[in-house]
Structures are given as C-alpha cells and as structure tokens.
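These protein sequence lines map, in sequence, to chains A and B. If you use the working numbering, the first sequence closes out at 287, no skipped numbers anywhere. If you use the working numbering, the second sequence closes out at 1746, no skipped numbers anywhere.
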Amino acid sequence: MQSFGYRRPGTIDEALALLQEHGDAARVLAGGTDLVIELRNRWRRPKIVIDLKRIEELRPPIREVEGRLVFTALAVMSEIVADERVQLHFPALAEAADVVGSIQIRNRATLAGNICNGSPAADTAPPLLVYGAEVVIAAKNGTRRVAVDDFIIGPGKVDLQPTELVTSIEIPISATPIAAAYTRMTRRRGTDLASITLCCGVDATGTTRLAYGSVGPRALLVIDNSGVLADPAASDEAKAPVLASMFSAASPSPKSMRAGPEYRVAMLPVLGARALRTAIERQTRVP
Amino acid sequence: MKVDNIGAPAQRLGGIDRVTGHQRYVADLPIADTLHAKLVALDCAHARILSIDTSVAEKVPGVVFVMTADDLPTPMPRFGPQYQDRPVIAEGTTNYHGEPVAAVVAETKDAAEEAATLVKVEFEELPAIFTVEAALDPAAELIQDPSIRRPGPFTETNILTEYHFGWGDVDAMDADMVVEHTYAWPMQTHFAIEPHGYIAAPDGDGIIVWSSIQHPYQLQKTVATVLGMPLSKVRVIAPDPGGGFGGKQHPKLEPLVAFMAMRAGRPVRLILSLEEAFQGVRRAGTEVKVRMGLKSDGTLVFQDYVNRFLIGAYGDTGDRISAKASFLSAGPYRTPAVRIVSQAILSHTTPTHPYRGFGIPQVTWARESCLDEAAIALGIDRLEIRLHNLVRYGEEHVPGDTPADGDWAQTVRKAAEEIHWGTPLPPGQGRGIAIGVKSGPTTGLSYATVRFLADASVMVFSGTSDMGQGARTIFAQIAAEELGVSLDRVAVVMGDTAVVPYDQQTSASRSSVLMGNAVLDACRDIQRKIRAMAARLHDVEEAEITVDRGVVHLPDAELPIVDVLKAGLGRMGGEVVGNGEARKEAFPDHPLGGTALFFEFNCTACDVAVDPETGEVTILRHVTVGDVGLALNPVQVTGQDEGAAIMGIGHALMEHLILDDKGRTRNLGAIDYRIPTSLDLPGELHSFSIENADGPGPYGIKGISEGSLLCTAPAVAGAVRDATGAVVRRLPLSPENVWRAMKEKT
Ligand SMILES: Cc1cc2nc3c(=O)[nH]c(=O)nc-3n(C[C@H](O)[C@H](O)[C@H](O)COP(=O)(O)OP(=O)(O)OC[C@H]3O[C@@H](n4cnc5c(N)ncnc54)[C@H](O)[C@@H]3O)c2cc1C
C-alpha cells in the first residue's frame, strides 16, 4: 500500500469541506471493503482518505422519516438484514444484503458503498431499483436527490462529483406496497460475486418491476404494465414470452470468468420466473 | 504405567495455537534488521526481455538494490528436484505468467512494493504455448532450449518425457465391447491459506533460510548447491506451514532470496501474495484417452491409456507425477492386458508441482468414468462391475509391483452399504460410486532421534513438516506409548536442519509410516538401553528382560520404564538417547525405481440432486471409506479424510485456473478461484476407516492423507449422470457445464 493522508471528520460539513479542498485527490471510506483492496493493489492512489465512520449525524444508520426508510451512509449490510422494518417492507433488500460477502464483510460493507462503487454485480442494486430508491447527495452548496436508476451509470461510474458525498439512500414506504423477492446465481454457495443478480416485484395494480445485474455494464430496471406477469392466475406459458422480453437488454460479457454469456442469458428467465413466483406469493400474503 | 496412546483420539499438538492465530508462520517471525523484497513480473506468459531499467526504482527512498539476472553468477544457476532447469531469476526470456524478472530489496515492504512498480522492463511479448495441442504441434516453438535438456529422443520436442508401461498384448485381446473416451482435468492451484514465505540471513560463513517448505532437507541441498556451500553451512528453518498440499514440497524462490541476502549482508524477507502463490505452483492439467475392452459379463480384458500431462515451463516434478500416476492407470482391477503411454508436456505456464494425490485423481477420473460408461452400456450395476474386477487381498494388480495390501472389497462394500446402494432415489437425484488407489512412496529414508530426559519427559526430533496433517501428534503418541509417559510430557521438535536429523520429505502420505517407524525405532533403541539398565540394576541377564510399550518385564516383576530410567540415571541425571531409521529401498529395475510401500485405497459414494433448470449440483450425502490399516489417531484420520473429501469436491465442482487467449492466468487470487466454503459442503459427509492392522507403519498403519480425494470427481459425475443422464467429461461439474451437458443430451 502506498502512503496517504487520513482524516476522520466528525460532521458532514467537515467531510464536505475536506472534499471541497482535495477534490479528485480525496476518496471517501465507509466500510472499506472495496476501497482497501483498491488501495492495497494500487489501483487507486488517493492523496487523502476521508473516513465517514465517526460522523454522528449519520447515526442511527437506519431511520424512518416521513414515510421513507432512510439508510445513512453508515448503514451496513448486517444491520439491514436484521432490521424489522426492512424485513417487513423491503424483504428483497434484506435478502440481497444477506448474501453480500461473508459475515465479516457484511459487518463492514455499507449499502451506500455498494452503490457508490458502481459494480455491475452489486447485490443491492436490483432491489433498490425495484423499490424505487433514491440517493441523497450532499455538497458544499446544497443537497440533491437522484433516483438509483439515474445514479448508476456503468462499471465503476455513478452520478457523483468528487466534491460530493452520499449521505443516505432512501426508499419510500408506499401506499401500494411492492412485494418483491431477490435471487442470484453464483459459482458456489459461500461468499461469491454473482454471475446474475435479480429482483422481481409486483404490486396491487398489476405492475411488475424487474431489475437484474451482472449481465451488462450496469443493473437494469424493466417494468411490465401488461399485468400478465403479476397475475397469479396466468399460466407459466402465458408469462414466458413477456418474461423473455424483459431481458432483451442483457449483454453479458464474453470475457467474464464467472459464466459464459449463453448460460447467463439462458438463466435470466429461469431466475426471473422463480423470483416472480416468490413475489406473487408475498403479494398475496400482504395484509 | 500402561499408556494407551495408540488408537486414542489425542488432541492435536499445536492445534489450539493454529486455530486461534497464535501459531507463528514465516511471515510472523520477528527477525531483526530485515529487508523486504518484492518481485517484478511481466503481465504476459512468454516474452523476450530486451532491457531492464532499475534506475527510477532505485531512487525510491529505502530501496537498497534491485536484483536482476545481471547480478547473478554466469551461467545462471539453475535448480529443480528432478531437472536443474529453473533459473534463479528469469534470464533473457520469461516462460510463464508471473515468472520474476527482477526483485526489489528495500528497508520497508511499502518501499519495495512502490519501487517494484517503477522497474521498467522493455520486452517483446512472444506467442505462448499453453495447451496440449499447441505444445505437440510439430511446428511449435521449443519451450526449453535443448541446452538445458537431458539428451534423449524428445529433446527437440516439447515432450519432457514419455513412458510406456503395461503388460499383455492389448491388440491381441478379444473384447465383446470396447468403450473409448477422453477425459479432461483442468489446471488447479493448491490454495494453501498461508502463501509461501521466505527469509534468508547470512550467518557467519554460512546462511540460514526460513521457508514454509515441506522438504527442509531438500531445500538445504538446493541452497548449498547454488551458493557453493557445504551442507553444514546451510541451516534451514521450516516453521510449520499453513497448509501445503504438495505446493510447498520443493524450493522455488529460496535461491533468489538467498542470493539477495548474501548481497545485502542482511536478512531479506519475501512473503508472497496469494496471487503470487498461484503463479508459483499449480497442479498438472491432463487429457486422458482411455479405451476399455470388456466381456459382456463385465470382465475387463484390456485397458489402454494415453495420458497427457500439461506441465509448466520447467520440469519441476511434472515428469515424476505423470510417470507415477500413469503407472497405476488401470487401478485395482484384474486386467489381462494393459498399455499405458504417459507424456509430460512442457508449456508456457506455471511449473507443475506435486498436488495432493500426485496425478492419481486425474487418471482415476478417466478410468472410473469410463468404467461407468461400460457398466451402463452392458447393463451391469456400477458397483457389481467394480467388485467383479477388483483384485483380492494379496493379488497383484500391476504385475511385479506390491500386491493388494488390504481387503479392498471390504472397503467397497462398506461404502456401498453406507450410501444404501440399490435403494431407490426420488426423481432429480442420482447416486455414484468410484474407487481410487494410489501408491505410497516407492523409496524413502527417515531418521529420528528421541531423548528420554531425567524427569521422564521426552523430546522427539523429526525432519517432518507439520503443515496441518498432525504429524507432531502422531509422533508424540508413538513415543508416549513406547516409553510409557503421558502425551503432555512429550515435545516434538521439527523444522530445523541444525537440530533434527535428516528426513527425505513430507509427502505421499508417508510420514506416519516412514517417520513413524523411525520414531518407533528410536524408541526401541531407548528400550534396549533401558533393558541394559534394568539388567544392571536388578542383576539379571539382559536376555531375561523384555521391554515394550512402557513396561520393563523382569523375570519376576514388571516395572514402568520410567522407574528404571530414574533409578538408572541416578543422582547425576542425564538422559537416554535413541536413534532410529526407516528406509524403503529402491529397486533399480522397477519402472518407478521402487515398489509401493503401501497403497492408499478409497471408495467414495454419493447422492446428488441436480437442478434441472440451472445445472446446479447439490451433494446430499457423501460417503468415503479408506483402508487405513489402523487409525493411530481416529480423530486425525477422520479430519484428514474429511478434508481431502472436501478438497476433492472442490476439484469436482468448481476449481480451475482460467487462462486468457495469451496464456495469462486470469483468476489469480481468492475472488475468482473458487474453493468450497462451509456452505458448499455436502448435506451429510461420512468418513469410515477399514482397520485390519495390515500396513507397514507402526502398529500396522498405512498412509491416509490423500485417499478420499482420489476418486471424488468420478463419483460425483457418476451421480450427476444417474440423476440427469447428462455426461460431463471435462471438469469442473460447474452449473454451466452440467447445464450444457443436459442440453446436449436432449
Ligand atoms: C470478500 C468480499 C466479498 C464481497 N462480496 C460481495 C458480494 O457478494 N456482493 C456485492 O455486491 N459486493 C461484494 N463485495 C464488495 C463490497 O463489500 C460491497 O460493494 C460493499 O457494499 C462496499 O461498501 P463499503 O462500505 O465497504 O465501501 P467502501 O469500500 O468504503 O467504498 C466503496 C466505494 O464507494 C465510495 N463511497 C463509499 N461510501 C460513499 C459515500 N457515502 N459517498 C460517496 N462515495 C462513497 C468509496 O470512495 C469507494 O470508492 C465484496 C467484497 C469483499 C472484499
């Protein structure tokens, strides 16, 4: 590891001032499960690392504010998995958070870091897309909100300036709740990066929201308003062509080490149908 | 006092330290004034080095020097366990991805790492050869210059060695049915949790080398040779390695570190990253073409093999692995005619190193899978065809070699019984069974010294490396048993050539047998001296006294050894020292230079479920049965057996090195090289031992540490086929490969 400066601001303002001062030369550290590897391998060489973990305003990390569930930049996967509000309203997010890395990783890895890192395989991206989450971004001159769908751009790329900080990710607790399920494909059952990530959600209006990742430069959100997919009474045969069309934008890399493109493309509708079935089961159980 | 250590589940010596992180590995040793080294390698498999500019790197604060081929003696010193073909550092060309071209030595690790990125190497990338097919192309570039080859018929080819084994006349045999298929096993890496670590320090007019090595005495010899020192001036200290699996058998970077330390006049330390360890050692990939001829009743009439082992850029042990594994291609089956051609083929890849199983899993994968094909084609039960052809106790399976040294049918029947062979399974599930057999060492030499101290405690000195297999505990149990002391009074000293007597190696599941016998022999030496003491003390003839297992039997009394020791040593104290030796002699006329000291015989059976849509394989129940002779420590036997089974499951289901189209290894490190985690274990894993006390080791033990991974892959593949009808002949049985096979079937 090369040497770098290290700061541990106590407030968001302090952090923003540091970012303002150092710009490109600074890098934010949350759990460090992505960043430390990059530092160690010298893929990233920031002059200064700004550690967010002592910012008191970001605690408690999960809170309910005006009909939204707010995950601050310090909310880690194991807290998300254990949170009863998440389990109640957003079980697919809990499912995704629960498969990130190992227990040790989940105790450190933040939701915000998972999204800011911009990996096409980020497990939490599909559920955040399905639930319509927003990213709250602060800078010296104010705060902006961006839908996760707009925030994610491509591999390693997100809509974030060097002077900006993600303070939270928020999900609306909707009046028409989305019943969703998360699933993924890996090479083994223990700690692994996914060759497919997939989340499917249905709501009472018959809308199906399907998001999938790791089969292209970024996780994609596709919406079906036909009502066929969400219909518990529709046959698998009727659903198959609609489901297949949802994956038309998948473009898995032929260079991936995790699985070949042909296999990944073939597995998308398989996982899609499974997640859809679970989502519909959850929908019918919604009080 | 009678101490019953044999067959007791004694707690692992050093086990608590190992699992709580207190054990000190090479990387943890606090050696004062140490410099840090970092390797420089090119990101290509094969290149011509045009120039190396170290000037910028040398300006990094803390850098002491950068070592390249120019700083080493001419001609470049070369070394290797079988062939002296591996250069201390790349000279002129690099021949595999990761081969070091330079090494930075600096005051800190960070400075060394930073400077390593600043060494400028001008090079021309050359086309690399990394498949069997490309290497055998008559127009292919020669991977090794004939000047570093031993003269022979293959010097002008990429075949390092070719062997022909067999008996009978395959072509003259009359078979009712012939089955022929080719089975591929990918390159894999050892993935010891502790990557290789080395330290070297000048020591007077000699040198000390620390290494996480399995064969300290071989390292001593290598370093002495390249530095031109007598053995007595080279001290090797080998702290217990954190896993080896064969990957730490032979010297690799120690000569380079030794040269750097000599130049620096200070200790130099090189701790590899996991990625560098992957580039340092790997297992041979193989393509095995097998033809089997059978009578319609399932009787084998011939087996015909062409085994191609893709080894690396330097010989290392690739030749020996291909020869020794191929020799047993036909397995434990009575076969009138067998023909085996075995090739070790050079390529621009990481040199092949021994890997638990020593090539046997690769040939077993082919033989057992092909036998399944034959059984299915003939409509014969897969268990029955095996039992039908299996040699009986004492019968030769390879003419002229050691005959079957166990009741192997008993092992197979036990596995069948435990997997409930013959009972129906629900749809989507399948059952498989396979047999593996491996020769133990064909030659061997171990010495041990045991010191019986005045307070009746014991020190055992042994050159074995305890890399997690539990050798310390076994030797302590033997000494405790023979000298009649409790286990906690025994200390086992290992891993220092200045302290322990010579041992040839820690490999081939040999240590409990060979070193065990040496320790036993040393204890017997002590017992003889105790007998003399007893004769003197009690005024009886030595011939009237016997000593065994901790007890001195006098004509009219029995005394604990310990009492005789104390009385015999008297007020002056002192100690009784015993020396022991165990040998397995060579047979120069034998194709392998010696017969098998024992066989590891295993039968593995499993039930799997296969996801019909995704191809994912779940092992529901896994049974492994080994003929162990006697379980000297049943907990350790089970631990080794379960560990090997899980390792074998990794090979079967997920492990493979992935090379890109230029021969570079892509999945270096823990993220993309997958090994099983606790979540990937079978639903049930059962390990059983057959114990007839018929092995050549102490009390009838045999070696056991590889058995349960010899035939895992064909057992699992057989179960997958049973569940789905899909046939996979190229490992791993990844979801994708199984899915493809299911598709091709329909
Ligand atoms: C062994 C292992 C296994 C893993 N397995 C998985 C897996 O299965 N699935 C998966 O999706 N990921 C996995 N990961 C990746 C990683 O754990 C996740 O991406 C994690 O969520 C990142 O969060 P973090 O808090 O550790 O981020 P950090 O490493 O601290 O940061 C990641 C990046 O985001 C930036 N960043 C972080 N927080 C903010 C913020 N608030 N504002 C602006 N920028 C910010 C950082 O500057 C950095 O570039 C694994 C990692 C490891 C080491």
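Note that the Cβ used here is the ideal one computed from N, Cα and C, for glycine as well.
heavy atom of ligand 1 below 6 Å from residue i C-beta
{"i": "B/Cys1044", "result": "no"}
{"i": "B/Cys1711", "result": "no"}
{"i": "A/Thr110", "result": "yes"}
{"i": "A/Ala94", "result": "no"}
{"i": "A/Gly369", "result": "Within the shown structure, residues of chain A are numbered from 1 to 287, placing residue 369 of chain A beyond reach of any answer."}
{"i": "A/Gly31", "result": "yes"}
{"i": "B/Asn1667", "result": "no"}
{"i": "A/Asn117", "result": "yes"}
{"i": "A/Val166", "result": "yes"}
{"i": "B/Leu949", "result": "Look at the range of chain B in this structure, 1001 to 1746, and you will see that residue 949 of chain B is not part of it."}
{"i": "A/Ile105", "result": "yes"}
{"i": "B/Val1012", "result": "Per the sequence shown, the amino acid found at residue 1012 of chain B is Arg instead of Val. No, the Cβ of B/Arg1012 stays beyond 6 Å of every heavy atom of ligand 1."}
{"i": "A/Ala122", "result": "yes"}
{"i": "A/Gly101", "result": "yes"}
Per-residue contacts from residue i into chain B (C-beta, under 7 Å)
{"i": "A/Leu193", "result": "Ile1671"}
{"i": "A/Met267", "result": "Thr1614"}
{"i": "A/Arg42", "result": "Thr1117"}
Per-residue burial, residue i [other beta carbons within 10 Å of its own, 16 or more giving buried]
{"i": "B/Lys1702", "result": "buried"}
{"i": "A/Met1", "result": "exposed"}
{"i": "B/Val1391", "result": "buried"}
{"i": "B/Glu955", "result": "Because chain B is modelled from 1001 through 1746, residue 955 of chain B falls outside the range shown and cannot be assessed."}
{"i": "B/Gly1570", "result": "exposed"}
{"i": "B/Gln1279", "result": "buried"}
{"i": "B/Glu964", "result": "Since the first residue of chain B shown is 1001 and the last is 1746, residue 964 of chain B is not available in this structure."}
Nearest-angstrom Cα separation, counted from residue j out to residue i
{"i": "B/Met1467", "j": "B/Ile1016", "result": "14 Å"}
{"i": "B/Ala1344", "j": "B/Asp1563", "result": "58 Å"}
{"i": "B/Ala1140", "j": "B/Ile1129", "result": "8 Å"}
{"i": "B/His1022", "j": "A/Pro126", "result": "42 Å"}
{"i": "A/Gln87", "j": "A/Thr33", "result": "24 Å"}
{"i": "B/Ala1184", "j": "B/Ala1323", "result": "18 Å"}
{"i": "A/Met185", "j": "A/Thr205", "result": "29 Å"}
{"i": "B/Tyr1305", "j": "B/Asn1389", "result": "18 Å"}
{"i": "A/Val130", "j": "B/Pro1251", "result": "55 Å"}
{"i": "B/Gly1626", "j": "B/Trp1421", "result": "18 Å"}
{"i": "B/Thr1638", "j": "B/Gly1007", "result": "12 Å"}
{"i": "A/Gly10", "j": "A/Glu79", "result": "22 Å"}
{"i": "B/Ala1404", "j": "B/Leu1294", "result": "22 Å"}
{"i": "B/Lys1584", "j": "B/Ala1103", "result": "41 Å"}
{"i": "A/Leu74", "j": "B/Arg1024", "result": "36 Å"}
{"i": "A/Glu170", "j": "A/Ala122", "result": "17 Å"}
{"i": "B/Tyr1699", "j": "B/Leu1679", "result": "38 Å"}
{"i": "A/Leu52", "j": "A/Val136", "result": "15 Å"}
{"i": "B/Gly1580", "j": "A/Tyr263", "result": "60 Å"}
{"i": "B/Asp1694", "j": "B/Val1088", "result": "45 Å"}
{"i": "B/Arg1334", "j": "B/Asp1607", "result": "28 Å"}
{"i": "B/Lys1002", "j": "B/Ile1561", "result": "In this predicted model, B/Lys1002 has a pLDDT of only 45, less than 50, meaning its place in the structure is not dependable enough to derive any value."}
Interface residues of chain A facing residue i [CB-CB closer than 7 Å]
{"i": "B/Glu1133", "result": "Near B/Glu1133 there are no residues of chain A at all, since even the closest Cβ is about 21 Å away, more than 7 Å."}
{"i": "B/Asp1680", "result": "Arg188, Arg189, Gly190"}
{"i": "B/Trp1739", "result": "Tyr263"}
{"i": "B/Glu1114", "result": "Gln2"}
Chain-ordered chain A contacts of residue i [CB-CB under 8 Å]
{"i": "B/Ile1658", "result": "Met257"}
{"i": "B/Met1654", "result": "Arg187, Arg188"}
{"i": "B/Pro1676", "result": "Arg188, Gly190"}
Contacts that residue i makes with chain A (C-beta to C-beta distance below 9 Å)
{"i": "B/Arg1666", "result": "Lys255, Met257"}
{"i": "B/Asp1110", "result": "Met1, Gln2, Ser3"}
Residue i CB to nearest heavy atom of ligand 2 below 6 Å
{"i": "B/Asp1466", "result": "Questions concerning ligand 2 fall outside what the structure shown contains, since the ligands it does hold are ligand 1."}
Answer yes if the segment 1590–1606 of chain B comes into contact with the segment 1667–1675 of chain B, meaning at least three C-beta pairs across the two stretches below 8 Å, and no otherwise.
For the pair of segments examined, the segment 1667–1675 of chain B was found not to touch the segment 1590–1606 of chain B: the number of CB pairs separated by less than 8 Å stays below three.
Between the segment 1442–1449 of chain B and the segment 1208–1223 of chain B, do three or more beta carbon pairs fall short of 8 Å?
Because the criterion of three Cβ pairs below 8 Å is not met, the segment 1442–1449 of chain B and the segment 1208–1223 of chain B do not touch.
contact_flag[the segment 1592–1609 of chain B, the segment 1528–1538 of chain B] where n(CB pairs < 8 Å) is 3 or more:
They do not touch, by the three-pair rule.
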